[in-house]
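J.:
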Amino acid sequence: MLLYADDVIAEGNGAATDLTTNKTLERSVILIDTDSDVNPTNLTNETQVISSPSILSGDSSRADPDWVASRRIDGSSIRTSPRLLARKRTLTTIITESSENIPTKKARKLYECRYCHVPLKGHRCPNKLINRQIRQEFNWLIKNEVHKVFNQLKEVLEAAARRYPVEIAEVDTQVRQEKYVMATSTQTSQDQLKCILTITGDSITSADMTLKLHKHPNVVYHTTIAAESPWRLQQIQDSGNYLRMALSSLSLIPDELEYLSAEEVLSDLDLVLGKVNRARSTLAIPRKRTIDELMNSKNMKTLTPSLPSDLAVSFYLQAHKLIFAVYHLTQAGGTVKFETLQSESPVTWLNEVLVLLSVALHRAQQLRDKVSVFLMYQIHNVSS
1 MLLYADDVIA
11 EGNGAATDLT
21 TNKTLERSVI
31 LIDTDSDVNP
41 TNLTNETQVI
51 SSPSILSGDS
61 SRADPDWVAS
71 RRIDGSSIRT
81 SPRLLARKRT
91 LTTIITESSE
101 NIPTKKARKL
111 YECRYCHVPL
121 KGHRCPNKLI
131 NRQIRQEFNW
141 LIKNEVHKVF
151 NQLKEVLEAA
161 ARRYPVEIAE
171 VDTQVRQEKY
181 VMATSTQTSQ
191 DQLKCILTIT
201 GDSITSADMT
211 LKLHKHPNVV
221 YHTTIAAESP
231 WRLQQIQDSG
241 NYLRMALSSL
251 SLIPDELEYL
261 SAEEVLSDLD
271 LVLGKVNRAR
281 STLAIPRKRT
291 IDELMNSKNM
301 KTLTPSLPSD
311 LAVSFYLQAH
321 KLIFAVYHLT
331 QAGGTVKFET
341 LQSESPVTWL
351 NEVLVLLSVA
361 LHRAQQLRDK
371 VSVFLMYQIH
381 NVSS
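If you read the sequence shown in the UniProt record's numbering, its first letter stands for residue 1, the second for the next number, and so on.
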């Protein structure tokens, strides 16, 4: 804290205040020193008052908010001294370009509560007691809640990983093969979609699709997906990768690690929270693609036989369902439009994964809210 002599008042018994400087630095400020009777020389250097209770001795018995330690900017210590209070609540830096002597000035004594700003005589500060209680609650939260929640998150995420059809990290998961018959969904009575497919891991390894559109009532389109040219469901792979990163982040946190600040907890928690949120949103909300991307996608080239140039199909996950969509392009008055037809089927493991990821997000957010509350009180250090 950098202070003018005129702006400073000190509390303490017999606090005779003079000015001292550190002659090893380049800039100068005024340091209020309650122990020195020596008149100051030219102020051509800089000294700083640091509000940290046990910088010098590390003595926990002196770790009281009514005491501060003085330290020069170069890191060398001066002495422990009573707290200095700035009346104007502003930081003031004095940069001296000349060798003019600045006269000393005695600071006025003031016995005042640093929280309530009332005379200390006969005063019992409720704010000081509240501040101590808040610090104790913060310390308890850090020591008793944090690792407990991290272990819970790890268990929930591992349970979610076991339900994926692909291997994730070191979780015991077997690549499964599942068969689906898509339910028909039509916009008109003439539009018919039918698809029977098999999913192995994160790919459609076989599919048989039949399409009948009302604009071509006499034409039935038929195409297949073969095992040698599978259709990759990228959402499963991406979601699994995010979940793998979340589990990896949790595994890097030792059980015996003692967090010293709320910022450290939030840093690790936000890292896990972000990955879990991405894992869930990747499954629940498919990425939007343009019609050109759909028509020219690599998956479209795996269809045998190929579909006409005005037709495109896609498979994607949305919430707890697998969607089979057909896009039919039409031209009217020089404007290209497309109609969308869909059929869908529920996916059991997908619903279970989304529920578990939601539970993990909720539990992590609860812990984050608890830790964040203490940041408003500027209480961070467990040992403080």
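Ideal placement from N, C-alpha and C gives every residue a C-beta, glycine not left out.
Can you confirm whether the segment 205-223 touches the segment 241-252 when touching is taken to mean that 3 or more C-beta pairs between the two stretches lie within less than 8 Å?
T.: No contact exists between the segment 241-252 and the segment 205-223.
J.: Compute the beta-carbon to beta-carbon distance between Glu-344 and Leu-322, rounded to the nearest angstrom, for a pair I have assumed lies under 8 Å.
T.: Here residue 344 is taken as the residue at index 344 of the sequence shown, counted from 1. Here residue 322 is taken as the residue at index 322 of the sequence shown, counted from 1. Yes, they are in contact, since the Cβ atoms of Glu-344 and Leu-322 sit about 7 Å apart, within 8 Å.
J.: Give the secondary structure of His-147 by DSSP, where H, G and I count as helix, E and B as strand, and everything else as coil.
T.: Against the sequence shown, residue 147 aligns to sequence position 147. The answer is helix: DSSP assigns His-147 an H, G or I state.
J.: Rounded to the nearest angstrom, what separates Tyr-196 and Asn-277 at their Cα positions?
T.: Residue numbering aside, residue 196 sits at position 196 when the sequence shown is read from its first letter. Residue numbering aside, residue 277 sits at position 277 when the sequence shown is read from its first letter. Note on identity: in this sequence residue 196 is Ile, with Tyr being the wrong assignment. Going from the Cα of Ile-196 to the Cα of Asn-277 covers about 32 Å.
J.: Are three or more beta carbon pairs between the segment 257-277 and the segment 327-339 nearer than 8 Å?
T.: The segment 257-277 is not in contact with the segment 327-339.
J.: Closest to Trp-231 by CA distance: which of Arg-363, Val-313, Tyr-327 is it?
T.: As a first step, residue 231 is located in the sequence shown; it is residue number 231 there, counting from the start. Ranking Arg-363, Val-313, Tyr-327 by Cα distance to Trp-231 puts Val-313 first.
J.: Thinking residue 386 and Tyr-327 are a contact (beta carbons under 8 Å), I'd like their distance in whole angstroms, please.
T.: The requested residue 386 is not part of the displayed model; the chain covers only 1 to 384.
J.: Taking DSSP's pairing of strands, which residues face Trp-231 in a bridge?
T.: For the purposes of this step, residue 231 is taken as residue 231 along the sequence shown, with counting starting at 1. Paired residues: Ile-204.
J.: Measure how close the beta-carbons of Ala-226 and Ser-206 come, nearest whole angstrom, since I'm counting them as under 8 Å.
T.: In the sequence shown, counting from the first residue as 1, residue 226 sits at position 226. In the sequence shown, counting from the first residue as 1, residue 206 sits at position 206. Going by Cβ atoms, the distance from Ala-226 to Ser-206 rounds to 7 Å, so yes, they are a contact pair.
J.: Based on the DSSP secondary-structure assignment, which residues constitute the bridge partners of Tyr-327?
T.: In the sequence shown, counting from the first residue as 1, residue 327 sits at position 327. Tyr-327 pairs with Ala-312, Thr-340.
J.: Out of curiosity, what's the CA-to-CA distance linking Ala-262 and Val-146?
T.: For this step, residue 262 is matched to residue 262 along the sequence shown. For this step, residue 146 is matched to residue 146 along the sequence shown. When rounded, the distance between both Cα atoms is 10 Å.
J.: What does the Cβ neighbour count give for Gly-334, buried or exposed, with the cut at 16 atoms within 10 Å?
T.: Locating residue 334 in the sequence shown gives position 334, counting from the first residue. Exposed, because fewer than 16 other Cβ atoms sit within 10 Å of the Cβ of Gly-334.
J.: Would you call Met-182 buried or exposed, if buried means 16 or more other Cβ atoms sit within 10 Å of its Cβ?
T.: Counting from one through the sequence shown, the residue named residue 182 turns up at place 182. Its Cβ being crowded by 16 or more others within 10 Å, Met-182 is buried.
J.: Using alpha carbons as the reference points, say which of Pro-286, Gln-177, Asn-139 lies closest to Val-166.
T.: On the sequence shown, position 166 is the one that residue 166 refers to. Answer by Cα proximity: Gln-177.
J.: Can you tell me which of Gln-133, Lys-154, Arg-163, Lys-143 puts its alpha carbon nearest to the alpha carbon of Leu-273?
T.: As a first step, residue 273 is located in the sequence shown; it is residue number 273 there, counting from the start. When only C-alpha atoms are compared, the closest one is Lys-154.
J.: With DSSP as the reference, label Glu-137 as helix, strand or coil.
T.: Walking along the sequence shown from the start, residue 137 turns up at place 137. In the structure shown, Glu-137 sits in a helix (DSSP, three-state: H, G or I).
J.: From Asp-59 to Ala-364, what distance separates their C-alpha atoms?
T.: Within the sequence shown, numbered from 1, the residue matching residue 59 stands at position 59. Within the sequence shown, numbered from 1, the residue matching residue 364 stands at position 364. Low per-residue confidence applies at Asp-59: pLDDT is 45, beneath 50, and the placement is therefore not dependable, though the value from the model is reported in the following sentence. Going by the C-alpha atoms only, they are around 37 Å apart.
J.: For Ala-246, name the three-state secondary structure that DSSP assigns.
T.: Translated into the one-based positions of the sequence shown, residue 246 becomes position 246. Three-state DSSP puts Ala-246 in a helix.
J.: Can the beta-carbon of Val-156 be found closer than 8 Å to that of Ala-360?
T.: Residue numbering aside, residue 156 sits at position 156 when the sequence shown is read from its first letter. Residue numbering aside, residue 360 sits at position 360 when the sequence shown is read from its first letter. Yes, the pair counts as a contact, with Cβ atoms nearer than the cut-off.
J.: Helix, strand or coil for Leu-294 per DSSP?
T.: As a position in the sequence shown, residue 294 is number 294, starting the count at 1. Three-state result, Leu-294: helix.
J.: Between Leu-367 and the rest of its own chain, which residues show a CB-CB distance below 6 Å, the 5 nearest in sequence each way excluded?
T.: For the purposes of this step, residue 367 is identified with residue 367 of the sequence shown, where counting begins at 1. Correct list, in chain order: Val-149.
J.: Would you mind sorting Val-371 into buried or exposed? The rule is 16 or more other CB atoms within 10 Å of its CB.
T.: Taking the first residue of the sequence shown as 1, we reach residue 371 at position 371. The residue in question, Val-371, is buried, as its Cβ has 16 or more Cβ neighbours within 10 Å.
J.: What's the C-alpha gap between Leu-303 and Lys-275?
T.: Locating residue 303 in the sequence shown gives position 303, counting from the first residue. Locating residue 275 in the sequence shown gives position 275, counting from the first residue. Those two C-alpha atoms are separated by around 34 Å.
J.: If we call anything under 8 Å between Cβ atoms a contact, is Tyr-180 one with Leu-307?
T.: Counting from one through the sequence shown, the residue named residue 180 turns up at place 180. Counting from one through the sequence shown, the residue named residue 307 turns up at place 307. Contact flag unset, no.
J.: State the beta-bridge partners of Gln-177 as determined by DSSP.
T.: Within the sequence shown, the letter at position 177 stands for residue 177. Answer is Thr-200, bridged to Gln-177.
J.: So, with DSSP's three-state summary, where would you put Val-371?
T.: Your numbering for residue 371 matches position 371 in the sequence shown. Residue state, collapsed to three classes: helix.
J.: Let me know if Ala-160 comes out buried or exposed under the rule of 16 or more other beta-carbons within 10 Å of its beta-carbon.
T.: Along the sequence shown, one-based indexing puts residue 160 at 160. Counting Cβ neighbours within 10 Å, Ala-160 comes out buried, since at least 16 surround it.
J.: Which class does Asn-101 belong to by DSSP, given the choice of helix, strand or coil?
T.: Residue mapping note: residue 101 aligns to position 101 of the sequence shown, counting from 1. Unreliable positioning characterises Asn-101 in this predicted model, as indicated by a pLDDT of 47, which lies under 50. A coordinate reading is not provided.
J.: Since Asp-282 is in the alpha helix (DSSP H), which residue starts that stretch and which ends it?
T.: As a working mapping, residue 282 is identified with position 282 in the sequence shown. Here the sequence assigns Thr to residue 282, which means Asp is not the residue at that position. 262-284 is the span of the alpha helix (DSSP H), which, as asked, contains Thr-282.
J.: From Leu-252, Ala-246, Ile-291, Ser-251, pick the residue whose C-alpha is nearest to that of residue 395; which is it?
T.: It is not possible to answer for residue 395, since the shown part of the chain is limited to 1 through 384.
J.: Could you please give me the residues that DSSP links to Ala-322 through a beta bridge?
T.: The residue given as residue 322 occupies position 322 in the sequence shown. Here residue 322 turns out to be Leu, not Ala, going by the sequence shown. Its beta-bridge partners are Leu-317, Ser-345.
J.: By how many angstroms is the C-alpha of Asn-296 removed from the C-alpha of Thr-224?
T.: Walking along the sequence shown from the start, residue 224 turns up at place 224. Walking along the sequence shown from the start, residue 296 turns up at place 296. Going from the Cα of Thr-224 to the Cα of Asn-296 covers about 17 Å.
J.: Pull up the DSSP beta-bridge partners for Gln-192, would you.
T.: What you label residue 192 is simply residue 192 of the sequence shown in a count that begins at 1. DSSP, once it has assigned bridges, lists Lys-212 as partnering Gln-192.
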